[in-house]
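Numbering (the numbering used here), first residue to last: 107 to 439. Glycine included, each C-beta is placed from N, C-alpha and C at the ideal position.
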Ligand code: NCD
Ligand code: ZN
Ligand code: ZN
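Next up, the structure:
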């Protein structure tokens, strides 16, 4: 096996770039390592207007100039979006993101009634206009059952709107992986951290706040199913869900949810695919599947890696990174 590998046009189809100082600190880890990324809209004031959307996009473009990087934008779903408004923004976004109210970071103004008449109207328009629905799929039930309980909604929505493309974001269970087979219009993103950790890593020994995220990491059989899907299933694509919070918000009484992984995502994924003798499939997971699912035509960008170990730092600025202080056998060169 060769000690070099090239990834063509890597895409991160779910990332939190944040705003202001944090955006300035973290955006480079996405823009230098990836050709494009789907940027989540859950800012402190979520992105719900064309003006906010364009300002945010321009800010990202300004900070990433020269990196050969394309930010794909999203809007935060509201049930009062008119057809007129959606027609006006449809060419500026790749998806609209549904956050059930209060279920994760900055989702207080999320959707309260997912099956209301108003919501059905918005989904109908999205389906007509070809706008993808991206979903944080968790109920407000018992934490280990939230994703499973939400499958009901995916079932309802996929059946009722067969032309609506639906993305189950950051899936964490075997049930979700199995559900993908049920509908042609349903796809999913999988994070790096959910391929590696279970609830045992988060809370089985000492409590590890930097591994605390939504949805919470699940059981070993879930992790196995996610790995198997990432290595083989063309309906899943890489979405890091890299979600930086400053160290004082993580190492705190009341720890914020989110794992920061952008700086090390590509070398660590390369290690995982290498260890499973599936380096040939790495480009599918990290680029080609997303291109097909979203009909993307991204800018060409090659990321070269060499089998040469490096030690992950503890922090990037004031954000502790996933795999901190670990050795990763592949480096970007
Ligand atoms: C994300 C964040 O911090 O914005 N947190 C997380 O734990 N994944 C939000 C999200 O993707 O649910
Ligand atoms: Zn989420
Ligand atoms: Zn997220």
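Reduced DSSP secondary structure (H/G/I, E/B, other) of residue i
| i | result |
| --- | --- |
| residue 188 | coil |
| residue 310 | helix |
| residue 397 | helix |
| residue 154 | coil |
| residue 143 | strand |
| residue 136 | helix |
| residue 426 | strand |
| residue 176 | strand |
| residue 108 | coil |
| residue 245 | coil |
| residue 439 | coil |
| residue 183 | coil |
| residue 433 | strand |
| residue 130 | helix |
| residue 418 | coil |
| residue 411 | strand |
| residue 160 | helix |
| residue 237 | coil |
| residue 258 | helix |
| residue 250 | coil |
| residue 333 | helix |
| residue 166 | helix |
Own chain residues within Cβ distance below 6 Å of residue i, not counting five before or after
| i | result |
| --- | --- |
| residue 455 | The displayed coordinates of the chain run from 107 to 439. Any statement about residue 455 would go beyond what the structure contains. |
| residue 320 | 210, 363 |
| residue 285 | 257 |
| residue 122 | 146, 349 |
| residue 259 | 220 |
| residue 137 | 170, 173, 175 |
| residue 135 | 368, 369 |
| residue 355 | 362 |
Cβ-based neighbour list, residue i, same chain, cut-off 8 Å, excluding 5 preceding and 5 following
| i | result |
| --- | --- |
| residue 156 | 191, 194, 195, 198 |
| residue 165 | 125, 129 |
| residue 432 | 417, 418 |
| residue 246 | 206, 208, 209, 252 |
| residue 430 | 316, 418, 419, 420, 421 |
| residue 411 | 110, 111, 112, 113, 372, 373, 376, 436, 437, 438, 439 |
| residue 323 | 278, 299, 300, 303, 304, 305, 307, 308, 317, 329 |
Distance between beta carbons of residue j and residue i, contact taken as under 8 Å
| i | j | result |
| --- | --- | --- |
| residue 442 | residue 182 | Absent from the structure is residue 442, since the part of the chain shown begins at 107 and ends at 439. |
| residue 389 | residue 343 | Wrong, their Cβ atoms sit about 11 Å apart, outside the cutoff. |
| residue 341 | residue 293 | 5 Å |
| residue 414 | residue 437 | 5 Å |
| residue 393 | residue 116 | 6 Å |
| residue 189 | residue 231 | 5 Å |
| residue 408 | residue 114 | 6 Å |
| residue 224 | residue 186 | 7 Å |
| residue 233 | residue 270 | 4 Å |
| residue 239 | residue 202 | 6 Å |
| residue 163 | residue 179 | 5 Å |
Cβ neighbours of residue i in the same chain (closer than 7 Å, five flanking residues each side left out)
| i | result |
| --- | --- |
| residue 357 | 315 |
| residue 120 | 144, 146, 275, 276, 295, 345, 346, 347 |
| residue 235 | 192, 193, 196 |
| residue 435 | 377, 413, 415 |
| residue 264 | 272, 289, 291, 292 |
8 Å Cβ cutoff, residue i in contact with chain D
| i | result |
| --- | --- |
| residue 123 | Within the model displayed, chain D is absent; a lone protein chain is all it includes. |
Quiz item: Can you give, in chain order, each stretch of the alpha helix (DSSP H) that sits fully within the region 339 to 393 and has at least 4 residues?
Solution: List check, alpha helix (DSSP H) in window: 353 to 356, 371 to 381.
Practice problem: Pick out the complete alpha helix (DSSP H) segments inside the region 267 to 327, 4 residues or longer, and give them in chain order. | Solution: Fully enclosed alpha helix (DSSP H) runs of 4 or longer: 280 to 285.
Quiz item: What runs of the beta strand (DSSP E), each 3 residues or longer, lie entirely inside the region 198 to 233?
Solution: The qualifying runs are 201 to 204.
Quiz item: Are the region 330 to 345 and the region 268 to 280 touching by the rule of at least three beta carbon pairs closer than 8 Å?
Solution: By the C-beta criterion, the region 330 to 345 is judged to be in contact with the region 268 to 280, since at least 3 inter-stretch pairs fall below 8 Å.
Quiz item: Given 8 Å as the limit, is there contact between the region 401 to 421 and the region 143 to 156, that is, 3 or more CB pairs closer than that?
Solution: Touching, no, given that fewer than three Cβ pairs across the two stretches are closer than 8 Å.
Quiz item: For the region 364 to 384 against the region 298 to 314, are there 3 or more C-beta pairs whose distance is under 8 Å?
Solution: Judged by Cβ distances under 8 Å, the region 364 to 384 makes contact with the region 298 to 314, as three or more pairs qualify.
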